[in-house]
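Novice: One structure, pasted below without further comment.
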Amino acid sequence: MQRWIKLPDGRFIDANRIAYIGKVESYARADEDGNDLGTGYAVKIGTDIPRETQLTVSGGKDEVFATLRSILGGTPLPATSSTTPE
């Protein structure tokens, strides 16, 4: 049975075909004008050993870690509220 996961860039991948998940790396993001966009995160995912079957998932912290939780079968995090409880 296939279990399709949507990647942050819009592509889909069958989570059951994933052979390995690499280390999550962080990097400084900047736009075309050199403005700071904060920290970006990336992780390599492979469906087989050859390099042609590797892909890199990159994006914000929430996007990358939500994708990893989906792949590993975890439940999504609950929505956070911007208000404080009284």
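Heads up, the sequence shown is in numbering that gives the first Met the number 0, so the first residue is 0 and it goes up one at a time. Positions of the beta carbon are idealized from the N, C-alpha and C atoms, including for glycine.
Using 8 Å as the cut-off, can you tell me whether the stretch 4-13 makes contact with the stretch 53-60, which would need three or more C-beta pairs spanning the two stretches below that distance?
Specialist: yes
Novice: Please identify the residue among I17, V63, S25 and I12 whose C-alpha is closest to the C-alpha of P49.
Specialist: Checked all of I17, V63, S25 and I12; the closest Cα to P49 is I17.
Novice: Return the CA-CA distance between N34 and A27, expressed in angstroms with no decimal places.
Specialist: 11 Å
Novice: Alpha carbon to alpha carbon, how far is L71 from G21?
Specialist: Approximately 13 Å, taken between the alpha carbons.
Novice: Quick one: measure Cβ to Cβ for I39 and G58, integer angstroms, because I've assumed they're closer than 8 Å.
Specialist: The displayed chain sequence assigns Gly, not Ile, to residue 39. The Cβ separation is near 7 Å, so the contact holds.
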